[in-house]
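Have a look at the structure below before the remarks.
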Amino acid sequence: MKLIVTDAAVDCFRKDWGFRDGDTIRIYVRYSGGGEDAFALGIMKDDPQYPALSNEYGHLTFFIEENDVWHLDGRDLSIDCRNDEITFVRG
141 MKLIVTDAAV DCFRKDWGFR DGDTIRIYVR YSGGGEDAFA LGIMKDDPQY
191 PALSNEYGHL TFFIEENDVW HLDGRDLSID CRNDEITFVR G
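Quick note: the sequence shown uses the working numbering, first residue 141, plus one each step.
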């Protein structure tokens with residue numbers, strides 16, 4: 141499993157979300173309602189406690205805690221920004 145963040149996503153996190161050098165950004169699982177996949181990924185500024193995956197891109201640290209990594213089901217996670225919207229791709 142790898143956590144990959146594109147340059148476009150880093151730019152979006154800086155411009156639209158206001159993140160700055162040294163910030164730590166948690167990718168977490170949240171309940172989003174019924175349907176085929178009742179869970180979705182969310183984003184928040186937070187400090188790592190028990191990170192399962194962590195990578196630095198553009199002086200921002202992105203991480204997923206151990207208790208949320210189950211949602212990836214052993215796959216990589218790529219974070220991108222298209223049309224000013226953050227996208228997650230598990231592959």
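Even for Gly, the Cβ is constructed at its ideal location relative to N, Cα and C.
Judging by CA-CA distance, which residue of the options is the nearest neighbour of residue i?
| i | options | result |
| --- | --- | --- |
| Met184 | Asn195, Ser172 and Ile167 | Ile167 |
| Arg154 | Leu193, Leu200 and Ala178 | Leu200 |
| Val169 | Tyr197, Lys142, Asn207 and Val145 | Asn207 |
| Asp186 | Ala149, Asp156, Val145 and Phe202 | Phe202 |
| Glu225 | Lys142, Met141 and Val150 | Val150 |
| Gly162 | Arg215, Asn195, Leu212 and Lys142 | Asn195 |
Strictly by DSSP, which residues pair up with residue i?
| i | result |
| --- | --- |
| Gly173 | The partner list for Gly173 (beta bridge, DSSP) is empty, contrary to what the question assumes. |
| Asn195 | Phe202 |
| Phe228 | Ile219 |
| Ala180 | Arg170 |
| Leu143 | Leu217 |
| Lys185 | Ile165 |
Excluding five sequence neighbours on each side, which residues of the same chain lie with their C-beta closer than 7 Å to the C-beta of residue i?
| i | result |
| --- | --- |
| Phe228 | Leu181, Leu217 and Ile219 |
Can you name, in chain order, every residue of its own chain whose Cβ lies under 8 Å from the Cβ of residue i, other than the five neighbours on each side?
| i | result |
| --- | --- |
| Glu205 | Arg166, Tyr168, Pro188, Gln189, Tyr190, Pro191 and Ala192 |
| Ala178 | Tyr171 and Ser172 |
| Ala148 | Asp220, Cys221 and Arg222 |
Can you list, in chain order, the residues of its chain with a C-beta nearer than 6 Å to that of residue i? Leave out the 5 residues immediately preceding and following it.
| i | result |
| --- | --- |
| Val145 | Tyr197, Phe202 and Ile219 |
Using 8 Å as the cut-off, classify the Cβ of residue i as near or not near the heavy atoms of the ligand NAP, replying yes or no.
| i | result |
| --- | --- |
| Glu196 | With respect to the ligand NAP, the structure offers nothing, as it holds no ligand at all. |
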